[in-house]
Each structure stands twice: as C-alpha cells, then as structure tokens.
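Here UniProt numbering is used: the first residue of the sequence shown is 1, the next is one more, and so on.
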Amino acid sequence: MASPTIAANAYANLARVLENSGAGKATEAGGPSFSSMLKDAVGSVMESGRKSDAQTVAMAAGKANVMDVVTAVADTDVAVSTLVSVRDRVIAAYEDIMKMPI
Numbered sequence: 001m002a003s004p005t006i007a008a009n010a011y012a013n014l015a016r017v018l019e020n021s022g023a024g025k026a027t028e029a030g031g032p033s034f035s036s037m038l039k040d041a042v043g044s045v046m047e048s049g050r051k052s053d054a055q056t057v058a059m060a061a062g063k064a065n066v067m068d069v070v071t072a073v074a075d076t077d078v079a080v081s082t083l084v085s086v087r088d089r090v091i092a093a094y095e096d097i098m099k100m101p102i
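Take a look at the structure:
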C-alpha cells in the first residue's frame, strides 16, 4: 500500500503535468474542449484521492470514523475505475481510427 507521501507526490506531479500541457482552452465554437473536460475529470479524481488520503490520515490519528474512511476510499476507487474505463475506450477508438484505410 502506498504511503501518504507517495500519494501526495503523485498528485503533485499529475497537477504539474496538467498545468504545463496547456489543457483547458476552449474550441473555436466556444464550447469546452476535450482537453478541458479531461482536465476536469482528472482533477475530480485527484480531489477524491486527496479526500481519501486525508480521511486515512485522520483515522490513523484517531480523529475519524472507520465508516467515513471506507466511504472515501470506495468513492476514490469508483472514480479511478471510471477514469481507467474512459482511457481504455479512448485508446480503443484511437486504434480503430489508425486501422482505417486512407
């Protein structure tokens, strides 16, 4: 199991990558771009992970209820699973496009 320090470093690195990638620009039609929607989704997963880590640390300090920790970890698990499923579908769509004849 990862320590809170490792998790915090992973969140910080992911946030730095998202900030440097230039994600979040709107398309010409004025709607949100794919990159901004992706940035929002990853940001919500990161926030869920931070809450889960905070609950875990609070429980270790004796300040949190076990049920709150289990709920926070389960929410994070669902968010990460959803993000991985979306990633898998995007990769599959990309592979299908690459197989198309020109």
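The beta-carbon is built from N, C-alpha and C at its ideal position, and this holds for glycine as well. It should be emphasised that the depicted structure is a prediction, and the values quoted were computed from it without experimental measurement.
Can you tell me whether residue i is buried or exposed, with buried defined as 16 or more other CB within 10 angstroms of its CB?
| i | result |
| --- | --- |
| Gly-62 | exposed |
| Gly-49 | buried |
| Ala-74 | exposed |
| Asp-96 | exposed |
| Asp-88 | exposed |
| Asp-40 | exposed |
Am I right that residue i and residue j are in contact with their C-beta atoms under 8 Å? What's the rounded C-beta distance?
| i | j | result |
| --- | --- | --- |
| Lys-51 | Ala-72 | 5 Å |
For residue i versus residue j, is the C-beta distance shorter than 7 Å?
| i | j | result |
| --- | --- | --- |
| Val-66 | Thr-56 | no |
Of all the options the options, which has the alpha carbon lying nearest to the alpha carbon of residue i?
| i | options | result |
| --- | --- | --- |
| Val-86 | Met-37, Gly-30, Gly-31, Ser-33 | Met-37 |
| Val-42 | Thr-76, Lys-99, Tyr-94 | Thr-76 |
| Ser-81 | Met-46, Gly-30, Gly-31, Ala-60 | Met-46 |
Original post:
At what residue ranges does the region 14 to 101 contain a whole run of the alpha helix (DSSP H), taking only runs of 4 or more?
Top reply: 34 to 60, 66 to 99
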